[in-house]
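Shown next, in structure tokens, is the structure this report addresses.
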Amino acid sequence: MLKMTHLSKVYRTEVVETYALRDFNINVNEGEFVAVTGPSGSGKTTFLTIAGLLETFTGGQYHLDGVEVSNLNDNERSRIRNEKIGFIFQAFNLIPDLNVFDNVEVPLRYRGMKAAERKERIMNALERVGLASRAKHYPAELSGGQQQRVAIARALAGSPRLLLADEPTGNLDTQMARGVMELLEEIHREGATIVMVTHDPELAARAQRNVHIIDGQVVDLAEDPRFHHAVHAARGNAPA
Amino acid sequence: MQIKPILSALRRHKAGTFLIAAQIALTLAIVCNALFIIQQRVAHLSEPTGIDEPNIFVIKSEWVGAPAPDQADAQMRADLQALRQLPGVQDATPSNSYPLRGDGWDDAVRLKPDQAQDSSGSTIYFADEHFIDTLGLKLIAGRNFRAEEVGHMDMRYKLAPPLVMITKALAERLFPGDTAVGKTIYLIGGPATVVGVVEMLQAQSVEHWASDFAYRAVIIPERLNVSLGTFYIVRARPGQLDAAMQAAAKALFAQNPRRVINDDDGVLSFSEVRSRAYERDRGMAILMGVICVVLLAITAAGIVGLTSFWVGQRRKQIGVRRALGATQLDVLRYFMTENLLISCGGVLMGAVLAIAINLWMVTRFEMHRLSLMYLIVGVVLLLLLGQGAVLAPALRASRVPPVEATRSV
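What follows is the structure, given as structure tokens:
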């Protein structure tokens with residue numbers, strides 16, 4: 028589903044080159060739930076923005092659903108984002124001027140879908156996250172957990188091949204975070220491929236697989252003993 | 081296609097939306113009416129006089145002292161002979177006034193001596209047998225005055241010429257569907273027989289009060305002696321206007337130096353006469369034009385300002401839309417559509433306001449009713465202005481990268 032090979036991302040200024048990702052390799056299979064972890068500044072978010080075609084990369088190869096994306100133009104990247112990727116952001120990123128229904132509708136409109144199909148998909152997605160009754164509410168009238176559920180509904184409504192979640196519970200309290208996480212697990216059980224960026228070992232422990240990044244490269248989780256132990260502690264077992 | 085969510089979003093920004101729509105409405109209302117006034121003034125500016133303007137000039141010769149009527153008439157005839165002998169002059173005629181002069185003699189015309197209500201107002205031009213040729217008028221019926229029919233009178237005499245010529249406009253007013261030649265009309269002093277009809281001759285006044293009889297004139301076969309002096313209308317041969325103007329004043333002084341011909345307005349080409357006559361109209365048209373341009377510029381600046389502010393405010397939102405699949409064109413289209421919707425609301429209000437302002441001016445200032453064409457032109461102009469003004473900030477918005485969605489504000 029998602030395969031990055033020797034991928035690099037360099038931020039250049041006049042005086043310095045900074046490698047956000049260096050010789051980065053990852054392979055996520057269809058139906059997997061992968062947690063991408065690492066300390067702050069390790070390159071997690073850069074990985075996510077490249078994976079979601081929000082940014083271009085400097086070198087290497089990236090195949091998304093079998094398509095090499097490095098040569099795609101802006102319109103083609105937009106179309107792939109719209110049709111194949113569902114985003115769940117830490118800050119929810121709902122549009123405050125639109126109600127819940129209209130927020131979920133945004134990506135579907137860009138797909139040029141007919142109104143009747145849009146409505147059906149929106150209501151299905153809202154029912155799935157338990158917010159069908161709040162369709163006419165505005166984001167400001169919802170709790171943080173509810174807003175994130177709306178964001179998940181927005182991501183699901185387009186039936187994406189890949190869900191990318193960036194610290195999806197980062198702005199939520201424990202109870203709301205648990206609810207959102209359970210929802211993601213449920214979505215995964217139904218067959219979705221999920222890549223979740225998090226620095227929370229408890230959340231990472233609930234994913235099928237952990238990919239740990241340090242200094243822009245994928246490393247063995249054991250190279251970060253504190254995080255390694257925390258993940259295993261969350262799973263209720265000791266590291267090997 | 082994006083209209084419903086855009087309207088929904090605009091409802092959440094009522095103040096800014098309303099202010100821009102109101103600005104567009106006010107601009108449309110003022111611009112429509114201003115353009116209408118400009119058009120009327122410009123049309124007024126270009127109304128034809130019916131005379132050979134490019135070759136005509138006018139001399140205002142004032143007497144020194146107050147010559148007796150016979151003495152003044154003899155002087156006038158001598159002056160005219162001197163003028164007609166100049167090589168660059170085609171013809172010359174005396175008159176109390178001329179088209180676009182401003183002041184002159186207006187009088188009532190009746191068809192019966194005991195008629196209570198006037199049949200028409202009319203400009204009165206005093207002239208001799210050279211009047212038609214000098215002014216380049218077209219005689220369309222009857223005949224010109226004969227030399228022996230031309231007399232002289234002063235302001236104390238009653239206006240009772242035995243025969244007159246009239247303009248076509250007056251003939252049609254007095255005798256619709258019938259020939260005017262041979263008919264009798266009544267001036268303030270008595271009856272006069274119409275011997276000729278000229279196609280067109282404009283009144284001396286271009287003011288609104290004279291518009292009812294703008295082209296209705298009676299030409300009297302008399303040289304009018306006014307104690308102050310007289311006007312000589314001179315027609316130069318083609319291409320010799322400047323030379324003839326210079327030679328004319330010299331010829332008059334050579335004939336008799338006891339006269340005053342002012343340096344500034346003693347000898348005027350007809351283009352200068354026209355320019356002076358319409359100075360106020362031209363000034364009003366320019367002022368209205370400047371007001372239109374300033375208003376349009378302010379409205380455009382308002383749209384640019386508000387849209388730029390909204391683009392800045394919604395940068396993250398634009399990034400989210402891009403992340404969710406919006407292309408650059410989608411974002412551009414969003415802001416263009418948003419502006420179009422606001423502008424449509426504005427022009428709708430503006431159209432009502434424009435009509436209301438016009439109706440108010442119709443009742444207060446005797447303006448004409450606003451033509452629908454001006455409203456349509458104004459609406460199209462404002463919509464295009466809106467789209468033009470929003471283009472730069474909308475393009476800026478379309479260039480917001482999708483990665484903006486992941487950045488914290």
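Protein chains in written order, with my numbering: chain B, 28 to 267; chain G, 81 to 489.
Yeah, the Cβ is synthetic: ideal placement off N, Cα and C, and Gly gets one too.
Cβ-Cβ distance between residue i and residue j below 8 Å
i, j, result
"Leu115 (chain G)", "Val457 (chain G)", "yes"
"Lys30 (chain B)", "His90 (chain B)", "yes"
"Asp153 (chain G)", "Asn305 (chain G)", "yes"
"Arg236 (chain B)", "Glu57 (chain B)", "no"
"Pro134 (chain B)", "Pro166 (chain B)", "no"
"Phe51 (chain B)", "Leu34 (chain B)", "yes"
"Ala519 (chain G)", "Met429 (chain G)", "Since the displayed chain G opens at 81 and closes at 489, residue 519 (chain G) lies outside it and no answer follows."
"Thr486 (chain G)", "Thr196 (chain B)", "no"
"Gln173 (chain B)", "Leu158 (chain B)", "yes"
"Val55 (chain B)", "Thr45 (chain B)", "no"
"Ala272 (chain G)", "Pro318 (chain G)", "no"
"Leu190 (chain B)", "Gly263 (chain B)", "no"
"Ile139 (chain G)", "Val314 (chain G)", "yes"
"Ser307 (chain G)", "Phe137 (chain G)", "no"
"Gly365 (chain G)", "Asn135 (chain G)", "In the sequence on display, residue 365 (chain G) carries Ala and not Gly. Against a cut-off of 8 Å, the Cβ pair of Asn135 (chain G) and Ala365 (chain G) comes out as no contact."
"Ile268 (chain G)", "Asp186 (chain G)", "no"
"Tyr266 (chain G)", "Leu191 (chain G)", "yes"
"Ile117 (chain G)", "Met280 (chain G)", "no"
Whole-number beta carbon distance between residue j and residue i, since they are thought to touch under 8 Å
i, j, result
"Ser141 (chain G)", "Arg296 (chain G)", "About 28 Å; that fails the 8 Å criterion."
"Pro85 (chain G)", "Asp129 (chain B)", "5 Å"
"Ala331 (chain G)", "Ala227 (chain G)", "Incorrect: roughly 22 Å between the Cβ atoms, too far for contact."
"Glu133 (chain G)", "Ser351 (chain G)", "7 Å"
"Phe415 (chain G)", "Ala474 (chain G)", "4 Å"
"Ile221 (chain B)", "Ala180 (chain B)", "No, Ile221 (chain B) and Ala180 (chain B) are not in contact; Cβ-Cβ is about 15 Å, not under 8 Å."
"Leu217 (chain G)", "Ala357 (chain G)", "Contact doesn't hold; Cβ gap of about 19 Å is too wide."
"Ala257 (chain B)", "Pro228 (chain B)", "3 Å"
Rounded straight-line distance, which links the Cα of residue j to that of residue i
i, j, result
"Val278 (chain G)", "Ala172 (chain G)", "18 Å"
"Ala260 (chain B)", "Ala89 (chain G)", "47 Å"
"Ala403 (chain G)", "Glu103 (chain B)", "13 Å"
"Arg354 (chain G)", "Leu420 (chain G)", "45 Å"
"Leu87 (chain G)", "Gly218 (chain B)", "37 Å"
"Leu153 (chain B)", "Val373 (chain G)", "52 Å"
"Gly130 (chain G)", "Ala207 (chain G)", "16 Å"
"Met203 (chain B)", "Ala118 (chain B)", "14 Å"
"Glu110 (chain B)", "Phe116 (chain B)", "17 Å"
"Leu219 (chain G)", "Arg360 (chain G)", "33 Å"
"His210 (chain G)", "Phe225 (chain G)", "8 Å"
"Arg449 (chain G)", "Leu433 (chain G)", "14 Å"
"Val94 (chain B)", "Leu99 (chain G)", "49 Å"
"Gly270 (chain G)", "Asp234 (chain G)", "17 Å"
"Asp92 (chain B)", "Leu464 (chain G)", "44 Å"
"Cys424 (chain G)", "Ala381 (chain G)", "18 Å"
"Leu239 (chain G)", "Gln335 (chain G)", "31 Å"
"Ala178 (chain B)", "Tyr454 (chain G)", "49 Å"
"Leu199 (chain B)", "Arg205 (chain B)", "9 Å"
"Ala324 (chain G)", "Gly346 (chain G)", "14 Å"
"Gln169 (chain B)", "Leu125 (chain B)", "The question names Gln, yet the displayed sequence has Leu at residue 169 (chain B). Answer to the nearest angstrom: the Cα atoms are 13 Å apart."
"Leu51 (chain G)", "Val111 (chain G)", "Absent from the model: residue 51 (chain G). The displayed extent of chain G is 81 to 489, so no value can be given."
"Arg144 (chain B)", "Leu248 (chain B)", "For the record, residue 144 (chain B) in the displayed sequence is Glu; it is not Arg. The straight-line gap from Cα to Cα measures roughly 44 Å."
"Val42 (chain B)", "Arg106 (chain B)", "36 Å"
"Ala377 (chain G)", "Leu99 (chain B)", "41 Å"
"Pro193 (chain G)", "Val274 (chain G)", "16 Å"
"Pro128 (chain G)", "Phe293 (chain G)", "14 Å"
"Trp289 (chain G)", "Ala283 (chain G)", "11 Å"
"Pro174 (chain G)", "Phe311 (chain G)", "6 Å"
Contact between the region 244-256 of chain G and the region 145-163 of chain G (3+ Cβ pairs under 8 Å): With a cut-off of 8 Å, the region 145-163 of chain G and the region 244-256 of chain G do not count as touching, because too few Cβ pairs lie within range.
Interface positions of the region 223-243 of chain B facing chain G (Cβ-Cβ less than 9 Å), listed along the chain: none
Residues in the region 387-409 of chain G having any Cβ partner in chain B nearer than 9 Å: Arg394, Lys396, Gln397, Gly399, Val400, Arg401, Arg402, Ala403, Leu404, Gly405, Ala406, Thr407, Gln408, Leu409
Contact the region 156-166 of chain G vs the region 241-252 of chain G: 3+ CB pairs below 8 Å: no
The region 77-93 of chain B touching the region 148-157 of chain B, judged by at least three CB pairs closer than 8 Å: no
Contact residues within the region 56-81 of chain B, judged by C-beta distance below 8 Å to chain G: Thr72, Leu75, Thr76, Gly79, Leu80, Leu81
The region 117-124 of chain G contacting the region 396-411 of chain G, beta-carbon criterion three pairs below 8 Å: no
Within 8 Å of chain B by C-beta, residues of the region 467-489 of chain G in sequence order: Pro481, Pro482, Val483, Ala485, Thr486, Ser488
Members of the region 86-103 of chain B that neighbour chain G once the beta carbon cut-off is set at 7 Å: Asp101, Asn102
Cβ-based contacts, 9 Å cut-off: residues of the region 91-109 of chain G near chain B: Arg91, Arg92, His93
Short-range partners of chain G found in the region 192-208 of chain B, where Cβ spacing is below 9 Å: Asp193
Where the region 116-129 of chain B meets chain G: residues whose CB sits under 9 Å from a CB there: Phe116, Gln117, Ala118, Asn120, Leu121, Ile122, Pro123, Asp124, Leu125, Asn126, Asp129
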